[in-house]
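For reference, the structure is listed below as structure tokens.
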């Protein structure tokens with residue numbers, strides 16, 4: 832029961848961490864740091880020319896946000912898979928050692 836309460840409180844705390852800034856400053860526009868940096872550079876140096884052009888530019892900020900979320904989900908999935916495989920490998924090795932120790936007769940002097 833206590834573990835469920837702690838889990839519920841942690842979930843509520845995470846929701847509060849995300850909701851509080853949105854509720855306190857609901858009218859502001861959230862822009863990425865890339866666009867903010869570009870604007871700042873263009874304001875400070877009128878003759879600035881980018882080093883290269885993007886290969887792909889999404890049609891809207893919603894598409895860009897969706898692609899970023901997909902990239903984050905893919906990275907999280909790969910990380911979860913790798914960590915799960917490492918844990919599974921460690922558990923299998925531990926079980927194999929335990930089985931070998933049980934099968935080996937004790938040494939008698």
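In my numbering, the protein residues as written are 832 to 940. In this text, a Cβ means the ideal position worked out from N, Cα and C, and glycines have one as well. Only a predicted model underlies this, so the values are computations on that prediction, with no experimental measurement involved.
Roughly how many angstroms lie between the CA atoms of residue i and residue j, to the nearest whole one?
i, j, result
"residue 903", "residue 913", "15 Å"
"residue 848", "residue 921", "35 Å"
"residue 935", "residue 910", "38 Å"
"residue 886", "residue 907", "25 Å"
"residue 883", "residue 924", "50 Å"
"residue 919", "residue 926", "10 Å"
"residue 854", "residue 893", "21 Å"
"residue 851", "residue 896", "21 Å"
"residue 832", "residue 900", "34 Å"
"residue 867", "residue 929", "58 Å"
"residue 843", "residue 872", "40 Å"
"residue 834", "residue 877", "58 Å"
"residue 881", "residue 869", "9 Å"
"residue 865", "residue 846", "26 Å"
"residue 891", "residue 875", "26 Å"
Can you list, in chain order, the residues of its chain whose CB lies under 7 Å from that of residue i, leaving out five sequence neighbours each side?
i, result
"residue 916", "none"
"residue 879", "872 and 873"
Excluding five sequence neighbours on each side, which residues of the same chain lie with their C-beta closer than 8 Å to the C-beta of residue i?
i, result
"residue 898", "889"
Self-check item: alpha helix (DSSP H) runs wholly inside the region 855-901, at least 4 long, in chain order
Solution: 864-875
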